[in-house]
Amino acid sequence: MSDAALPAARPALGPRWLRRVIGISRRSPTLAIGAAILLCFAALAIVAPWLVPHDPIAANPRNVLAAPGGAHLMGTDGNGMDVFSRVLAGAAWAFGIAIPAVIVGLVVGVPLGLYTGYKGGWADEIIMRVFDALRVFPSIILALAVVAAAGPLLLNVVLVIGFLDSPVFARVVRAEVLALRNSTFVESAIAAGNPTWRILFVHILPNAIQGAMAQSAVRAAWAVRISATLAFLGVGIQPPTPEWGAMIRQGAEYLVTGQWWVGIFPGIALILMVLGLNMLGDGLQDLLDPRRKAASK
Amino acid sequence: MALERRDLLLGTAALAAGSALSAPAVHAQGAGRTLILAAPGAPEGFDGDALRPGTQEVVVQCYEGLTRYGRVIRDGRPYLNPDVIEGHLAESWTTSPDGKTWVFRLRQGIRSPFGNELTAEDVEWSWAKSFAQRRTGAFIANVSNVTAVKALNRYDVEFTLSAPSMILLAALTLYVPGIYDSTEAKKHATADDPWALRWMETNTAGYGAYHVESVRAGEQAVIVANRNYFREQPHFQRVIYRAVPSAASRITLLRSGQVQWIHRPLLQQVAELRSAPRVKTEDSFGRTIASIRMNMGIAPFTDRRVRQAFNFAVDRQALIQGVFFGLAEPARSIVPPIVAGYDPSFFNYDYNPQRARQLLQEANFDFNQQIDILYSQIFNWEEPMSIQVASQLQQIGVRARATRITDSDMRARGAPARQDMPMFSFEDGPIVLDPVYSNFLLTHSRGVSNRARFANPQVDAAIDEARQSLDPARRIELMRTVQRIWMEEAPWIVTAYPTVWEAMAPNIVGWCPHPDDHERWYDLRVG
Amino acid sequence: MPIGLLITRRVLLVVPLLVAILLFTFLLVRIGGQDPVGLLAGPTATQAEIEMIRAQLALDQPIWVQFGVYFGKVLQGDLGSSWLSNRPILTELLERAPATFELLFWGVLIGAGIGIPVGLRAAFRPDGAFDQASRFLSLLGFSIPTYWLGLVMLFVFFFLLEWAPPGMGRLSLFLEQPPAVTGSYLIDGLIAAQWDVASSAFAQLVLPVFCVAIISAAPIIKQTRAIALEVLSSDYIRYARAQGLPQHEVRRMALRNSTTPIVTFVGTELTGLVGTTSLIEYVFAWGGMGQYGLSAIIQNDFAAIQGYVLVLALFSVLVFLLVDVIVMLTEPRAGARA
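Chains as they are written, first to last, in the working numbering: chain A, 523 to 819; chain B, 50 to 576; chain C, 213 to 550.
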């Protein structure tokens, strides 16, 4: 990865890391904006417990469906809970689902990709066929069916999303491994008598991981979206947990009768966060190889 | 404050929104007048014994009973008078001195849409069907102590009871066991379908005012007037029963004049609808109770103090405001206020969180255990109510949580054979306005709508005795006992009786509230 | 490789895949341990009746036997009956198929109609203002939840502005369906010269198709741009440029070489879009297969879920096959890759 060429005319301003950040931002504004959005959300998620004006799950039957304004910046929902507090708290939940899910996907997918790419043969064939078979389904239907059957637990949602992410990571890593397998440094590592696992994890992995890292942001975006969709359909995270999808689910009932705030605000938050993650992922992919848009879904 | 039952039956003020008749309320399509109605789903069958979504709404129009309630007019609106039962398909009846044999004389000349005349044979066949199916019809038979129905001659039919019953006449007003045109039904029976149930999934053959003409599964049903109906022809000759799953869409259609009737509009919209110029809303006192039930057989609800504590912990007024937008009456008895023998004097669970905590401590309640309130989407108040109650319980330190289960799970687990949910929400009410019926349904250990394994030997004994008693005073006294015991045992967190609302085009009049919450299209007309 | 052989080979490969999918779904829906008998028997059923129904449905047999029975029926075209509506699932799916296909068709047509030209234009002038804008819009399209978009559309255009009809199906309540020719109410209405039907069908189509179009345009823009960029930087094009070929000629060549991968991509996107479309169907009460499938999954109607998933898989397989055939026909060189 080539270094960002700093404009020679300017004197070196500020610490090196700042210059790198500016340099990267220049090359990929998408990445910069995405990262900025994400940092905002992360900050909100962290300080949410102290920032929220009301308890996000405090039901108040005497103040149901209040319009935005006054004590409730974004109004209250059908249970009398403050929408603004819930939207803030929802950020924490979004991270709480996306991060573990992506980790699960990496933990399952990367070793699979490494192994099948390196070894090839039977295992490779079978595993790739299974992944191809999974592509035949729209992933939302598959996720929905599994979570509906297994139960609306956070664990199930995270695991399902993670497992559905793993073929993507596996494919990306596998492609890298295939390219690297015949390179000289790998051959010399083999010749030196390294065991397979060492070759895979010490020699190949650091080079193969880049693609997966770039994909992580995109997969995180997908994780946030899918968990919201599952909650919207009533199959995922349940009320009164302040998950954005669950909020939109309740909001849907009131949207067409005029109490728009219940569903609109969580939707906007969801869009912004997913957009941030997508921009981050897009920018990362750009940086790594502007011409290679991973076709993997 | 003792509520006068009669006043409540006659309902709170019927709010007719006045002014502009801007929407033509009735569109004549084809011959005669048509009523277009929007409902959550299209009817999925017309066998009154096997209730499916949409069945009851249509079946009550097509199948009428041997008897009917009398009527009164108050403030220009018709109401049922549950103290008066008249003959309908039957013109008269006699009882044996011991009260165990009744003979009903049928009116002559009553014809079905297929042209067949009503005979005692039809009645016998119909009740045999219900007995054989062992479902809702059989339950009604059981509740009224009926053991056999036999045709004596062309127009006389004999009911044999195991014991005298004061419920029988009221039960005979119901749509189930339905009175079928057995001549027509038998044409569609087969060896392994002797009651023509398959045919009844898409057809009706009754002696009522209406008759199913066509069904487009999942979309709509078209119901037409029975041209051979024994009374005056209805105003609306055709009813289009249209499936519109979204409640908000239904209201929009009503406001724009594209439909003329919707049942049970969303409560959050009723306030708005009441002032909408192109919509008329009418209400009637509810006879179903929305509640959170506790299963006495499952810990920690085995201890009465826990159940009572939970009742003290709940702020009913807040619930009615937040969940029902104020459109419900607080519940003070398991017997609905509009039923004779209603006694609210045993209710003393006014909101008292300190007392609740005290009781829980006395009962050595484990505050660390997780209490799940199970709810479904069968009734749209279930989710908000469960969340609010969980929240109120949390305020006294109980780790309560609202948990959703599927609709089919909720029904299955509440069925008499299972009843294994510790705490859950549901709505039930009697369709016969009789206190013994109400209690047999809800508080008897064998009650079909018990769902929470409430079982108290004294209650059972009182109900069983009342079922056979012909002494009105004794019956009322026994039912008071039941209400007292039940309220002391506090197996449910009683909350509210939601008001029943109907929304219609502004120039439709004649709605008469019925105990089954279904309008009768026969009553409606443009006026 | 001749087309016939390709198709046969594909079909043979696909059959075990479909069986595996069927088995997978069959086992999947039974994870939760739901007991459907309670629902079917009704609330007043006795224990004896419950056992009887259980035996009737073969629910007391071991799981392998049950699957065998089911599979045998599927081979005969019987997908079983829905537990909720009691109607044959195949019938219900077939009834609803035209609605879904109509939505997909118009949605993808418009989405591709917007997406492909935008992606191409962006590729021809990479990193320009247009490119940046289109990339942002594409990312935005990826980020908007489908169902939320549908709800907001309804809120704005139906509730606030009252331009659009309520989201309740494909046709206004008053009107009867036109005689079925294609299954599309719009087209059939036009064919039968029923202008009110056609205009109502059109009005009902506007919002949902718009949503599908937006959602489908996003990946199409992105991928078209990527494909076009790749083609533009290929040796073939570079050589042509070096030869002094005029810009529009170069672009035409690029277009021609891009067509196949773009078509392939749209085909694969289609299968993913079925899932998205089902959410739109759900929000607009469209009455298509997607809404049916979603409801079935949410309510745990086993047989309906199995039927729906099978139909989805079949559809995807068919689309992939069709795409490959098209590729074969337009680019014989690529035929070796099968």
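In this text, a Cβ means the ideal position worked out from N, Cα and C, and glycines have one as well.
**Study point:** Inside the region 289–334 of chain B only - alpha helix (DSSP H) runs reaching at least 4 residues
**Key:** Correct list: 296–304, 316–323.
Point to revise | Neighbourhood of A:Ala588 by C-beta, 7 Å cutoff - its chain only, sequence neighbours within 5 removed | key: Taking the first sequence and counting its residues from 1, the one referred to as residue 588 of chain A is at position 66. The answer, listed in chain order, is His594, Gly597, Thr598.
Exercise for review: Could you check the C-alpha separation between B:Val447 and B:Ala339 for me, to the nearest Å?
Suggested key: Numbered from 1 along the second sequence, position 398 holds the residue referred to as residue 447 of chain B. Numbered from 1 along the second sequence, position 290 holds the residue referred to as residue 339 of chain B. Roughly 22 Å between the two C-alpha positions.
**Study point:** Exposed unless 16 or more other CB atoms sit within 10 angstroms - verdict on C:Thr237
**Key:** Here the question's residue 237 of chain C lines up with position 25 in the third sequence. By the neighbour-count rule (16 or more Cβ atoms within 10 Å), C:Thr237 is buried.
**Study point:** chain C within 8 Å of B:Pro479, Cβ atoms only
**Key:** Mapped onto the second sequence, residue 479 of chain B falls at position 430. Not a single C-beta of chain C is nearer than 8 Å to the C-beta of B:Pro479.
Exercise for review: Evaluate B:Val108 with the Cβ neighbour count: other Cβ atoms within 10 Å of its Cβ, from every protein chain shown; 16 or more gives buried, anything less gives exposed.
Suggested key: Here residue 108 of chain B is taken as the residue at index 59 of the second sequence, counted from 1. Buried.
Check your understanding: Between B:Arg467, B:Gln407, B:Asp364, B:Leu482, which lies nearest to B:Ser440 when the distance is taken from Cα to Cα?
Key -> By one-based count along the second sequence, residue 440 of chain B stands at place 391. Residue B:Asp364 is the option with its Cα nearest to B:Ser440.
Review point. Which chain C residues are close to A:Asn800, counting only those with a beta carbon under 8 Å from its beta carbon?
Key: Numbered from 1 along the first sequence, position 278 holds the residue referred to as residue 800 of chain A. Per Cβ cutoff of 8 Å: Leu351, Phe354, Ser355.
Review point. Using the beta-carbon of each residue, which ones in chain A are nearer than 9 Å to C:Leu491?
Key: As a position in the third sequence, residue 491 of chain C is number 279, starting the count at 1. Simply Ile662, Thr751, Phe754, Leu755.
Review point. Roughly how many angstroms lie between the CA atoms of B:Pro213 and B:Trp560, to the nearest whole one?
Key: Walking along the second sequence from the start, residue 213 of chain B turns up at place 164. Walking along the second sequence from the start, residue 560 of chain B turns up at place 511. If I take the Cα positions, the gap works out to 34 Å.
Check your understanding: Does the separation of the CB atoms of A:Ala570 and A:Leu610 fall below 8 Å?
Key -> Locating residue 570 of chain A in the first sequence gives position 48, where the first residue counts as 1. Locating residue 610 of chain A in the first sequence gives position 88, where the first residue counts as 1. Yes, they are a contact pair.
**Study point:** Cβ neighbours of B:Ala511 in the same chain (closer than 6 Å, five flanking residues each side left out)
**Key:** On the second sequence, residue 511 of chain B is found 462 positions in, with the first residue counted as 1. Excluding sequence neighbours, B:Ala511 sits near Leu527, Thr530, Val531.
Check your understanding: So which residues on chain B does C:Arg299 lean against when the C-beta distance must stay under 7 Å?
Key -> Counted from its first residue, the third sequence places residue 299 of chain C at position 87. Result: Ala266.
Review point. Going by DSSP, which residues form a beta bridge with A:Ile649?
Key: The residue you call residue 649 of chain A lines up with position 127 of the first sequence. The partner list for A:Ile649 (beta bridge, DSSP) is empty, contrary to what the question assumes.
Exercise for review: Check B:Ala552 in the structure and name its three-state DSSP category.
Suggested key: Mapped onto the second sequence, residue 552 of chain B falls at position 503. Correct three-state label for B:Ala552: strand.
Point to revise | Contact set for A:Gly591: own chain, Cβ-Cβ below 8 Å, skip 5 residues either direction | key: By one-based count along the first sequence, residue 591 of chain A stands at place 69. The beta carbon of A:Gly591 sits closer than 8 Å to those of Gly597, all from its chain and outside the five residues before and after it, given in chain order.
Practice item. Give the DSSP-derived three-state secondary structure of B:His137 in the structure shown. Key: Looking up residue 137 of chain B in the second sequence gives position 88. B:His137: coil per DSSP, three-state reduction.
Review point. Using the rule of at least 16 other Cβ atoms within 10 Å of the residue's Cβ for burial, across every protein chain shown, is A:Ile648 buried or exposed?
Key: Taking the first sequence and counting its residues from 1, one reaches residue 648 of chain A at position 126. Under this definition A:Ile648 is an exposed residue.
Practice item. Can you tell me which of B:Gly371, B:Trp535, B:Ile387, B:Ala362 puts its alpha carbon nearest to the alpha carbon of B:Ala405? Key: Looking up residue 405 of chain B in the second sequence gives position 356. B:Ala405 has its Cα closest to that of B:Ala362, out of B:Gly371, B:Trp535, B:Ile387, B:Ala362.
Point to revise | Per-residue contacts from C:Phe367 into chain A (C-beta, under 7 Å) | key: For the purposes of this step, residue 367 of chain C is taken as the residue at position 155 of the third sequence. Neighbours of C:Phe367 in chain A, taken as residues whose beta carbon is under 7 Å from its own, are Leu777, Val778, Trp782 in chain order.
Exercise for review: Just list the beta strand (DSSP E) runs in the region 747–815 of chain A, keeping only unbroken ones of 3 residues or longer that don't cross its boundaries, in chain order.
Suggested key: List check, beta strand (DSSP E) in window: nothing returned.
Review point. Ends of the alpha helix (DSSP H) at C:Asp400?
Key: The residue you call residue 400 of chain C lines up with position 188 of the third sequence. Unbroken alpha helix (DSSP H) run through C:Asp400: 397–403.
Point to revise | For B:Trp541 and B:Glu411, the rounded distance between their alpha carbons | key: Looking up residue 411 of chain B in the second sequence gives position 362. Looking up residue 541 of chain B in the second sequence gives position 492. Distance from the CA of B:Glu411 to the CA of B:Trp541, rounded to the nearest whole angstrom, comes to 20 Å.
Practice item. Could you check the C-alpha separation between C:Phe370 and C:Glu493 for me, to the nearest Å? Key: Along the third sequence, one-based indexing puts residue 370 of chain C at 158. Along the third sequence, one-based indexing puts residue 493 of chain C at 281. C-alpha separation (whole angstroms): 17 Å.
Review point. Taking any Cβ of chain B, which residues in the region 483–511 of chain C have a Cβ under 7 Å from it, in chain order?
Key: For chain B, the residues of the region 483–511 of chain C that bring a beta carbon within less than 7 Å of one of its beta carbons are Ala497, Gln511, in chain order.
Exercise for review: With a 10 Å radius around its C-beta and 16 neighbouring C-beta atoms as the bar for buried, classify C:His460 as buried or exposed.
Suggested key: Here the question's residue 460 of chain C lines up with position 248 in the third sequence. Exposed: under 16 other Cβ atoms inside 10 Å.
Practice item. Taking C-beta pairs closer than 7 Å, name the residues in chain B that A:Gly602 reaches, listed in chain order. Key: Position 80 of the first sequence holds residue 602 of chain A. Simply Gly371.
Review point. Does the region 295–309 of chain B touch the region 96–105 of chain B, meaning 3 or more C-beta pairs lie closer than 8 Å?
Key: No, they do not touch.
Exercise for review: Tell whether a beta-carbon distance below 8 Å holds between B:Cys111 and B:His260.
Suggested key: Numbered from 1 along the second sequence, position 62 holds the residue referred to as residue 111 of chain B. Numbered from 1 along the second sequence, position 211 holds the residue referred to as residue 260 of chain B. The beta carbons of B:Cys111 and B:His260 sit closer together than 8 Å.
Review point. Buried or exposed: B:Asp242, going by 16 or more other Cβ atoms within 10 Å of its Cβ?
Key: If you number the second sequence from 1, residue 242 of chain B lands on position 193. Exposed, since its Cβ has fewer than 16 Cβ neighbours within 10 Å.
Check your understanding: Taking DSSP as the reference, what is the three-state secondary structure of B:Arg126?
Key -> Counted from its first residue, the second sequence places residue 126 of chain B at position 77. In this structure, B:Arg126 counts as strand in the three-state DSSP scheme.
Point to revise | Residue span of the beta strand (DSSP E) that contains B:Gln419, given as start and end | key: To locate residue 419 of chain B, count along the second sequence from 1; it is residue 370. Per DSSP, B:Gln419 belongs to the beta strand (DSSP E) from 419–424.
Point to revise | DSSP bridge partner residues for B:His260 (one or two, in chain order) | key: Within the second sequence, the letter at position 211 stands for residue 260 of chain B. In the DSSP output, where bridge partners are listed per residue, B:His260 has B:Val273.
Check your understanding: B:Pro294 versus chain C: which residues are under 7 Å apart at the beta carbon?
Key -> Counted from its first residue, the second sequence places residue 294 of chain B at position 245. B:Pro294 reaches chain C at Ala497, counting residues in chain order whose Cβ is nearer than 7 Å.
Check your understanding: Straight-line CA distance for C:Phe283 to C:Val231?
Key -> In the third sequence, the residue the question calls residue 283 of chain C occupies position 71. In the third sequence, the residue the question calls residue 231 of chain C occupies position 19. Just so you know, the alpha carbons of C:Phe283 and C:Val231 end up roughly 9 Å apart.
Point to revise | Segment contact flag, the region 487–504 of chain C with the region 299–311 of chain C, C-beta cutoff 8 Å, min 3 pairs | key: At 8 Å Cβ cutoff, the stretches touch.
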